[in-house]
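As structure tokens, the structure follows; a few thoughts come after it.
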């Protein structure tokens with residue numbers, strides 16, 4: 005596992021972004037909705053898409069990871 009260090013400005017901006025008056029549960033729900041719409045649009049128009057499927061797959065993965073950090077939905081038993 006590699007560790008990337010963030011600049012101080014990036015850390016400040018991320019802290020400011022996540023410390024807004026946003027409910028983590030609703031933010032995670034929104035991320036999951038966006039991922040659903042992204043996947044659905046790719047499935048419906050896969051012949052005409054002019055984007056790199058690998059980058060979409062990685063974006064989909066990382067958005068899901070962020071949603072899980074904000075609201076661990078998959079860990080519920």
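In my numbering, the protein residues as written are 5 to 81.
The beta-carbon is built from N, C-alpha and C at its ideal position, and this holds for glycine as well.
Bear in mind the structure is a predicted one, so any value in this text is a computation, not a measurement.
* Three or more beta-carbon pairs under 8 Å between the segment 11-24 and the segment 61-70, yes or no? -> no
* Asked: Between the C-alpha atoms of residue 65 and residue 41, what's the straight-line distance to the nearest angstrom?
  -> 14 Å
* Local Cβ density within 10 Å of residue 74, reported as buried at 16 or more and exposed below that -> buried
* Asked: Which two residues bound the contiguous alpha helix (DSSP H) that contains residue 19?
  -> 12-22
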